[in-house]
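For reference, the structure discussed in these notes is given below.
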Amino acid sequence: MLRFWGWALLRLAAVMIMASFAGAMLMRIAPGFSSDDQELNSGLSAQSIQAVRKAHLADANIPHFYAQYIGSLMKGDLGTSRSLNQPVKQLLRERLPVTLENLGFALGVGWLLGLALAIAAQTWNIRALTFLANGLSGTFISTPSAALALVFLLLRWPPAFAAALLVFPKIYRYTQNLLQQSSEMPHVLTARAKGAGPWRVLAWHVAPIALPQLIALVGVSISIGIGVLLPIEVVSDVAGIGQLAWQAAQSRDLPLLVNLTMVVTFVTVCSTLISDAVQRGVTRSAA
Amino acid sequence: MKAIRFVAIAVLALTAFTILGAHYLAPAGYEQQFRELPQAGPSAHHILGTDDVGRDRWARLLYGMRVSLVLAPLAALFTTVLAGLVGGIAGYFGGWTERCCKLLIDLFLSVPWLFLLITVRAVLPLNISPEASVTVTFALLGLLGWAASARVICTGAKDLMKSEFVWMARASGFSGLKLIRLHLMPNLRGALLAQFWISIPVFIIAEANLGALGLGVAEPLPSLGSLLRELQDSVTLRPEPWRLLPLVVLIVVISSFQILLNKQEVRS
Numbered sequence: 001m002l003r004f005w006g007w008a009l010l011r012l013a014a015v016m017i018m019a020s021f022a023g024a025m026l027m028r029i030a031p032g033f034s035s036d037d038q039e040l041n042s043g044l045s046a047q048s049i050q051a052v053r054k055a056h057l058a059d060a061n062i063p064h065f066y067a068q069y070i071g072s073l074m075k076g077d078l079g080t081s082r083s084l085n086q087p088v089k090q091l092l093r094e095r096l097p098v099t100l101e102n103l104g105f106a107l108g109v110g111w112l113l114g115l116a117l118a119i120a121a122q123t124w125n126i127r128a129l130t131f132l133a134n135g136l137s138g139t140f141i142s143t144p145s146a147a148l149a150l151v152f153l154l155l156r157w158p159p160a161f162a163a164a165l166l167v168f169p170k171i172y173r174y175t176q177n178l179l180q181q182s183s184e185m186p187h188v189l190t191a192r193a194k195g196a197g198p199w200r201v202l203a204w205h206v207a208p209i210a211l212p213q214l215i216a217l218v219g220v221s222i223s224i225g226i227g228v229l230l231p232i233e234v235v236s237d238v239a240g241i242g243q244l245a246w247q248a249a250q251s252r253d254l255p256l257l258v259n260l261t262m263v264v265t266f267v268t269v270c271s272t273l274i275s276d277a278v279q280r281g282v283t284r285s286a287a
Numbered sequence: 288m289k290a291i292r293f294v295a296i297a298v299l300a301l302t303a304f305t306i307l308g309a310h311y312l313a314p315a316g317y318e319q320q321f322r323e324l325p326q327a328g329p330s331a332h333h334i335l336g337t338d339d340v341g342r343d344r345w346a347r348l349l350y351g352m353r354v355s356l357v358l359a360p361l362a363a364l365f366t367t368v369l370a371g372l373v374g375g376i377a378g379y380f381g382g383w384t385e386r387c388c389k390l391l392i393d394l395f396l397s398v399p400w401l402f403l404l405i406t407v408r409a410v411l412p413l414n415i416s417p418e419a420s421v422t423v424t425f426a427l428l429g430l431l432g433w434a435a436s437a438r439v440i441c442t443g444a445k446d447l448m449k450s451e452f453v454w455m456a457r458a459s460g461f462s463g464l465k466l467i468r469l470h471l472m473p474n475l476r477g478a479l480l481a482q483f484w485i486s487i488p489v490f491i492i493a494e495a496n497l498g499a500l501g502l503g504v505a506e507p508l509p510s511l512g513s514l515l516r517e518l519q520d521s522v523t524l525r526p527e528p529w530r531l532l533p534l535v536v537l538i539v540v541i542s543s544f545q546i547l548l549n550k551q552e553v554r555s
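Residue numbers (the numbering used here), protein chains in the order written: chain A, 1 to 287; chain B, 288 to 555.
Structure below.
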């Protein structure tokens, strides 16, 4: 277990170092990086303007800029948004709870719907139900999140429900395939042949095989959920980090955008690591 | 299921003919403005009416479909080549090369795709020409969407490297390039083809999302994404439901792809 966590933390560190380096590089190469609004301030003396330029010249050295960026990150300083003129940390504190609340709802409903339909389709094997479930998942997997958000806006339905409907097809399809594969295994066929009912087969023979892989899907679904929430927050005017990222992209506020992406990456990698650890635990206890 | 697949093929064939014949089906073109008819309803001359500046919506839909449905496969081809290179190198060499490639793949898979796309898109100038915006949008999709496919190719290449016929080929003195050309590439072709087909609908949807957010193809060039952006005026949408046609077309085309994809995946 200790070895697993050691490797997991090493992987997290490597991914975050690479992500931060890529982020710093993006900020560095973005047009307008070396200019500053203060240079246009007529109240500043020539020496002050020279000092501002000198500070920017120091940033032109990429290793120096990256070291400074990492140093600030280590101290918990995520920088200041250029467009909103507010610390990124404060913006995150305001917006993150909104996104997390919507994400929680979307994942809860998406998982419930996906699992319920996949289990129902597998257990009862009713053609009409399978057709309906496949049709629903096919429709929502083919719909861009921005478009579904627009439809929900027109119907005045909650935007988080749109996110749930976009998460649902991935859960449904994966679970259905998993249950299908598990139910074709020899010991499941034997249990059926001995007269075990569908719910008993599901609970005692299929679920233990499918559970570890479903737990691994939880981590992936968090990433999917964050991805679909971005356009939904923009279209539905929800003040979450998705909308903040879009605003930052529109106003080319790279410090804000890169730090937001870093935070999202950290959340995604951590959730994947935790679900991997739980998956290992479940697999071991089942063995 | 056979009937549904037949319908899906028919839809895609009809779409292909429509976008190829856009010039004949919508002679007005996507740019021409009928200034005396802004926001007109459907008529014999303008099947879907006109937009705010008097451009024919039908023509914009056809040319928008052409942009999205021709360039998404090109981006998918680019991403498949990239995935084949990274995944193939990782699987072929193994060891530290594989670990480094997998770390890169992990990095790309850890960032939600749309965040990555808008971050990189924001670095590029926003006021570029329509033609450049199309190239940039689809090139970005191709450049950033390879990671999931690369993981599949890497696993496939790794399994092949452990197979008996590759061991025999190596024992017979096959060099690296010859081994790749004669044994790895032909056996990875199925997986690469599947990744290519899977990427097409994903890229069409990603472009639609980017376009709807105003970060995709620039005006006046239409794409399915930029046409969706027009739907954001929800006040006028209720009395003009025909404006939802681009969304319906998008869902029908992607659904047709998804129906055929299941078959393609099984075959590969």
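Here a beta-carbon is modelled for each residue, glycine too, at the ideal position from N, C-alpha and C.
- Considering only P325(B), G512(B), G316(B), T302(B), the residue with the shortest C-alpha distance to L148(A) is G512(B).
- A19(A) and M262(A) do touch by the CB rule: their CB atoms are close to 6 Å apart, below 8 Å.
- Counted as a single uninterrupted DSSP element, the alpha helix (DSSP H) harbouring Q247(A) occupies residues 241-250.
- Beta-carbon to beta-carbon, V98(A) and V238(A) are separated by about 6 Å, close enough to satisfy the 8 Å threshold.
- Chain-order list of chain B residues neighbouring G227(A): P399, W400, L401, F402, by C-beta distance under 8 Å.
- At least one CB atom of chain A sits nearer than 9 Å to the CB of G512(B).
- Here the C-alpha atom of V282(A) lies approximately 43 Å from the C-alpha atom of R468(B).
- Within the region 130-142 of chain A, the residues whose Cβ lies closer than 7 Å to any Cβ of chain B are, in chain order, G138, T139, I141, S142.
- For Y311(B), the closest C-alpha among the options D520(B), A499(B), A346(B) is that of A346(B).
- In the structure shown, the three-state DSSP call for T143(A) is coil.
- Just so you know, the alpha carbons of F304(B) and L132(A) end up roughly 30 Å apart.
- Spatial neighbours of W433(B) in its own chain (CB-CB distance under 7 Å, excluding positions within 5 residues in sequence) are listed in chain order as T366, L369, A370, V373.
- The beta-bridge partner set that DSSP reports for D343(B) consists of T337(B).
- When 8 Å is used as the limit between beta carbons, Q519(B) is near these residues of chain A: L150, V235, in chain order.
- The beta carbon of L254(A) sits closer than 9 Å to some beta carbon of chain B.
- When Cβ-Cβ separations below 9 Å define contact, V269(A) makes contact with chain B.
- In this structure, the CA atom of V489(B) is about 49 Å from the CA atom of I49(A).
- Residue burial is scored here from C-beta neighbours: R200(A) has fewer than 16 other C-beta atoms within 10 angstroms and is therefore classed as exposed.
- The residues P87, V88, L91, A248, D253, P255, L256, in chain order, have a CB closer than 8 Å to that of S81(A) in the same chain once the five nearest residues on each side in sequence are set aside.
- Shortest Cα-Cα distance from A146(A) to any of S462(B), I334(B), L394(B), L537(B) involves L537(B).
- Distance from the CA of I141(A) to the CA of I119(A), rounded to the nearest whole angstrom, comes to 19 Å.
- With respect to R11(A), L390(B) sits close: the two C-beta atoms are nearer than 9 Å.
- Residue contact check for R11(A) against chain B: a CB pair falls below 9 Å.
- In the structure shown, the three-state DSSP call for Q320(B) is strand.
- Distance from the Cα of V407(B) is smallest, within the candidate group S416(B), I392(B), F425(B), for F425(B).
- Interface flag for I215(A) against chain B is unset, since no Cβ pair is found closer than 9 Å.
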